[in-house]
Amino acid sequence: MTYNCPVCNKAGLPDFKIVETSCPQCNANLKAFMVLNSLALPQSQNINKITLLFLVILLSIFGIYIYNSSTTENTLEKKFEIQSIYLKDSIKLYKDSVGALQNHLKDKTSHSSYVIIKYRVKDGDYPAKIAAMFYNDWKMYTEIEAFNNLKKPYILRKGQILRLKITQD
Ligand SMILES: [Zn+2]
C-alpha cells in the first residue's frame with residue numbers, strides 16, 4: 052500500500068502518517084502528518100484541542116509554503132516579466148523626461164540667451180554707429196542690417212524702429 056503526497060499528490064509514498072517521510076517530488080517534509088496522526092491516537096487525546104488546532108494551522112501554512120516553493124520558478128519568471136515591463140516603462144519614462152528636459156533647455160537657451168530690444172533711430176544714426184553703441188563693435192552693423200532686413204544703401208530714417216538682438220552672457 053502506497054500513499055499520495057498530500058502536497059503535490061505524487062503517488063508511491065510510504066505511509067507518511069507512520070513513517071517520517073519527505074516527498075521526493077516536492078520535497079515536502081511530511082513529518083507534521085505523522086505528528087497529527089499520533090495526536091489522534093487515543094493515548095494522546097488528553098492533549099488539548101488548542102494545541103491540535105495550532106498544529107493544523109501550522110500544517111496549512113507549511114502546505115502553502117511548500118506549494119509556493121514548488122511554483123517558485125513560475126512565480127519568479129512572472130515577477131521577472133512584470134519587473135522588466137516596469138523597468139521598460141521606467142526607462143521609456145526616463146528617456147521621455149530627459150528628452151523633454153533637453154527640449155526645454157534648448158528652448159530656454161535659444162529664447163533666453165538674448166533679448167530683442169527696439170531702438171528708435173535718432174538724427175545722424177547709421178548702422179555702424181548703433182552697432183558700436185550696443186555691441187561695442189561697429190562691425191556688427193552687418194547683423195543689424197540683416198536682422199532688420201535693411202537694403203542698400205542702408206540709410207536710416209529718424210524715428211525708424213530697429214530691432215536689436217542683445218546677447219545675455
Ligand atoms: Zn509531494
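Just so we're aligned, residue 52 is where the sequence shown starts under the working numbering, counting upward by one. No residue lacks a Cβ here, since even glycine has one placed at the ideal position from N, Cα and C. Keep in mind it's a predicted model, so treat the numbers as computed, not measured.
Query                                                                                                                           : Result
Residue 88 versus 192, 106 and 189, residue with shortest Cα-Cα distance                                                        : 106
7 Å CB neighbourhood of residue 95 in its chain, flanking five on each side removed                                             : Low confidence applies here, because residue 95 scores a pLDDT of 49, under 50, leaving its location unreliable and the question unanswered by this model.
Check: residue 70 C-beta below 7 Å from any heavy atom of ligand 1                                                              : no
Cβ-heavy atom distance, residue 82 to ligand 1, below 7 Å                                                                       : no
Spatial distance of residue 169 from residue 185 (CA atoms)                                                                     : 12 Å
Test: residue 65 CB closer than 8 Å to a CB of chain D                                                                          : Checking the listed chains, one finds no chain D in this structure; it contains a single protein chain.
Heavy atom of ligand 1 within 7 Å of residue 76 beta-carbon                                                                     : yes
Beta carbon of residue 172 nearer than 8 Å to that of residue 215                                                               : no
Coarse secondary structure for residue 137, derived from DSSP in three states                                                   : helix
Assigned exposure category for residue 195 - 16 Cβ within 10 Å defines buried                                                   : buried
Cut-off 7 Å between Cβ atoms - residues of its own chain near residue 209, not counting five sequence neighbours on either side : 172, 173 and 174
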